[in-house]
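Peer 1: Numbering (this note's numbering), first residue to last: 10 to 94.
Next up is a structure, given as structure tokens.
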């Protein structure tokens, strides 16, 4: 199993969303709940097999650890991360 943690930035490596960036909102066994703030807001996270994502950052974003997340903050963080990639 990969070392995925809540709050990490990840990239989808399988499925229709191939290449999209997400933040891990929760881990439920072998599945993760992913948000991007746009198509997948915090109220409707995407469930994805943990094998079908790859971590981009080793550090947690900090959004998840502070309780509720704003979709605008998720979008901003992902956009800033795209510039660094």
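For glycine and all other residues, C-beta sits at the position ideal for the given N, C-alpha and C.
No experiment lies behind these values; they were computed from the predicted model shown.
Could you tell me if residue 49 is buried or exposed, where buried requires 16 or more neighbouring beta carbons within 10 angstroms of its beta carbon?
Peer 2: Sequence index remark: in the chain shown, residue 49 carries index 40 (1-based). The residue in question, residue 49, is buried, as its Cβ has 16 or more Cβ neighbours within 10 Å.
Peer 1: Find out if the Cβ-Cβ distance for the pair residue 51, residue 41 is shorter than 8 Å.
Peer 2: For the purposes of this step, residue 51 is taken as the residue at position 42 of the chain shown. For the purposes of this step, residue 41 is taken as the residue at position 32 of the chain shown. No; because the gap between Cβ atoms is not below 8 Å, this pair is not in contact.
Peer 1: Between the Cα of residue 16 and those of 23, 26, 66 and 53, spot the shortest distance and give me the residue it belongs to.
Peer 2: For this step, residue 16 is matched to residue 7 along the chain shown. Out of 23, 26, 66 and 53, 66 has the C-alpha closest to the C-alpha of residue 16.
Peer 1: Using the three-state DSSP reduction, which class does residue 107 fall into: helix, strand or coil?
Peer 2: The first residue shown for the chain is 10 and the last is 94, placing residue 107 beyond what the model contains.
Peer 1: Note down the Cα distance separating residue 77 from residue 83, rounded to an integer number of angstroms.
Peer 2: Translated into positions along the chain shown, residue 77 becomes position 68. Translated into positions along the chain shown, residue 83 becomes position 74. One C-alpha to the other measures close to 11 Å.
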